[in-house]
DNA sequence: ATAAAGTGTGCGAAGGTTCTCTTAATGTGC
DNA sequence: GCACATTAAGAGAACCTTCGCACACTTTAT
């Protein structure tokens, strides 16, 4: 078989018009059982598959969902999205781009391109605050979209984990353990999560009459956590607990702390954020805030699908709650050395 | 503007025929500079974007590459593929499926569906040996494809890292350190990498007049490495070195070893495979075999592109070489306890 | 028996491109 | 100033599908 079969081929074989074949394929009710059977047999014989491009041309739909993400590298929600889309009969398309000075221009170009390919909906992963709500809305035109993992405002459909609540739990956990001298390694500037986590940490401390002892910025990956921790330690370990904006940096930080002859958690308690797979196998196992990325991905896709099917739903956000996972990298404040100082 | 502009809209505005606009868009040489300018201005004014579906319908191409992968969860080659595709003007589509008893049927269904959407090429990530070379070739029809990370045979275009060489280096490293009693945690049965690594390990040992002391199977993730190590240790630590089929399992194994009051590397040397980001930050930092997943992804995409552009290239494979990264989880055999036993 | 409603099927058009062919306009050489 | 090659641009068909409309035929209600 050189070129794939078309509606016409099937029609000829089944002895009906090609429109009738179309009706069978699309499960139109107005077709008799007899002809349906004939047609189905012909379809099977020819191994007919509807041409997606032609279908898309006439319907203006594509049965595809586009995932646009910054930094695909740690796109932890992707598996759930893919699985959800596939099980609902949607194709998944993917594009991502880097964090650079042209990001907004890139985003614009990307969206133009995507708009031309008639996707039915988009999932946007924009950890970085780079467009306003109304800008995005303009760029997207009439394509339904859901922002996953961050929020641009109450007018945008979004699915996210309550970062404030997560950091509140982390901070409270350390306070409950008796820590008063707390330092932080925060995430990338302008990142939505990083900002919220840092803000909330400071707020909770302030409410308890405390301030951060010190704070360094990292890039959400291990090496930067290591380096940030070394910088913090350079001034002497004048803190008993270290809050890291994610698990990767926490892992780096733990290594830095150990390298200075200090112990985790006896000398410094360390808490992470995310609960990545390696967190439980770090030494010591990492206390952290779990975010359920699978749930996030699944929920994002569901939200988008409901938007596609019922376009005039009022914009709303779906919020997931994180969970404190206490392991062994945090402990009650006991070290006499540190106690003496505080 | 309710509906997006078409060739006809642009043509009307520019005062030319729509075919001329098409020529401008596709950079046909036979168009005068004057009209080209007029048309380009009109395109800009109307924010015209060619309709991909219509284009795809007539050309039979889609400017899209499909990545079909088992277990998207750890698709480390994806970022490079995405980046490569994007920079070459190709869209990336993604589908993945689970490892289950219906895998072959799923694969078949997936490929049928993909064939109908006229992708220009496919990248297949099939870590699991589940179809033969000729089966795959039949399923794919005339769509160009490259298998990434595994090899089905010499007739299939593939890009991969030399697993044998990697394991050879790992084994030799341990032998050079004086280890003679070596155990292994192997990967998932039927996985291409798992098989090759295990085979090679056994072969190298045999060549040196040795045999594996023990061997347990894991599932390529941390918990299973932990459990496999515990099983190995249950018979007493009658080995001085442990080869793990990947870093995740190595991390789990290290934890298990420590939990039994043994030290890494003093009592047991542990070596991993892959060199994932966390490997350098484990405690102790993990000696491992580095695979360059970015290079693998980039090369896979390049290979596919060259296939698309020059279809009658003879099938061939591109081989990357791994690298031994010596860190602190392996050491020379010194422990007298173990020495006494051997 | 007749009109109305319902069912199954065919016909033609449309959707936005690209491709081949044809025509008009321009330029070249003697 | 004429035949001829070359270049620029238009005309029409084709790609494969869905959708609205019309037609024929069967059933139901009056």
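Protein chains in written order, with this note's numbering: chain A, 1 to 342; chain B, 343 to 684.
Even for Gly, the Cβ is constructed at its ideal location relative to N, Cα and C.
- At least one C-beta of chain A is nearer than 9 Å to the C-beta of residue 455 of chain B.
- Secondary structure of residue 539 of chain B (DSSP, three-state): helix.
- Counting only residues of its own chain and dropping the five nearest sequence neighbours on each side, residue 671 of chain B has a CB closer than 6 Å to the CB of 606, 607, 612, 626, 628 and 629.
- For residue 611 of chain B, the pairing in a beta bridge is given by DSSP as B:583.
- Taking the beta carbon of residue 73 of chain A as reference, the chain B residues within 7 Å of it are 421, listed in sequence order.
- For residue 660 of chain B, no CB of chain A lies under 9 Å from its own CB, so it is not counted at the interface with that chain.
- The segment 392-407 of chain B and the segment 458-472 of chain B touch, with three or more beta-carbon pairs separated by less than 8 Å.
- Going by beta carbons, residue 526 of chain B and residue 543 of chain B fall inside the 9 Å limit.
- By the Cβ rule, the segment 546-562 of chain B counts as touching the segment 515-526 of chain B, because three or more pairs are nearer than 8 Å.
- In the three-state DSSP reduction, residue 95 of chain A falls in the strand class (E or B).
- Taking CB atoms only, residue 254 of chain A has a neighbour in chain B less than 9 Å away.
- A distance below 7 Å between beta-carbons, with the five flanking residues on each side excluded, links residue 457 of chain B to the following residues of its chain, in chain order: 483 and 485.
- Residue 601 of chain B does not reach chain A, its nearest Cβ partner there being about 11 Å away, counting only Cβ pairs nearer than 8 Å.
- Going by DSSP, residue 158 of chain A is part of the beta strand (DSSP E) stretching over 158-161.
- Taken through DSSP and simplified to helix, strand or coil, residue 513 of chain B comes out as helix.
- Only those residues of the segment 76-105 of chain A whose C-beta falls short of 7 Å from the nearest C-beta of chain B are listed: 78, 79, 82, 86, 91, 92, 93, 94, 95 and 96.
- Following the DSSP letters along the chain, one finds residue 17 of chain A in no beta strand (DSSP E), marked with neither H nor E.
- Not a single C-beta of chain B is nearer than 9 Å to the C-beta of residue 220 of chain A.
- Only residues of its own chain outside the window of five on either side were considered, and among them 38, 39 and 42 have a CB closer than 6 Å to the CB of residue 14 of chain A, listed in chain order.
- Within chain B, 399 have C-beta atoms less than 7 Å from the C-beta of residue 54 of chain A, given in sequence order.
- In this structure residue 374 of chain B is exposed. Its beta-carbon is surrounded by fewer than 16 other beta-carbon atoms within 10 angstroms.
- Close partners of residue 251 of chain A in chain B (Cβ separation under 8 Å): 620 and 623.
- With respect to chain A, the C-beta atom of residue 487 of chain B has no partner C-beta closer than 9 Å.
- Taking C-beta atoms under 8 Å as the contact rule, residue 477 of chain B and residue 495 of chain B fail to qualify, at a distance of about 11 Å.
- For residue 51 of chain A, the chain B residues whose C-beta falls within less than 8 Å of its own C-beta are 399, 458 and 460, listed in chain order.
- Annotated three-state conformation of residue 320 of chain A is strand, per DSSP.
- Annotation for residue 70 of chain A: the continuous beta strand (DSSP E) segment containing it runs 64-70.
- In this structure residue 661 of chain B is exposed. Its beta-carbon is surrounded by fewer than 16 other beta-carbon atoms within 10 angstroms.
- Considering only A:193, A:176 and A:127, the residue with the shortest C-alpha distance to residue 333 of chain A is A:176.
- Non-local C-beta neighbours of residue 562 of chain B in its own chain, meaning closer than 6 Å and more than five positions away in sequence, comprise 529, 530 and 588, ordered along the chain.
- Following the DSSP letters along the chain, one finds residue 146 of chain A in no alpha helix (DSSP H) but inside the beta strand (DSSP E) bounded by residues 145-148.
- Its chain contains 453 as the residues whose beta carbon lies nearer than 6 Å to that of residue 481 of chain B, once the 5 sequence neighbours on both sides are disregarded; these appear in chain order.
- Remark: three or more beta-carbon pairs, one from each stretch, lie closer than 8 Å, so the segment 242-256 of chain A and the segment 222-232 of chain A are flagged as touching.
- Of the candidates A:25, A:47, A:78 and A:77, A:25 places its Cα closest to the Cα of residue 55 of chain A.
- Distances from the alpha-carbon of residue 326 of chain A to those of A:75, A:171 and A:20 put A:171 closest.
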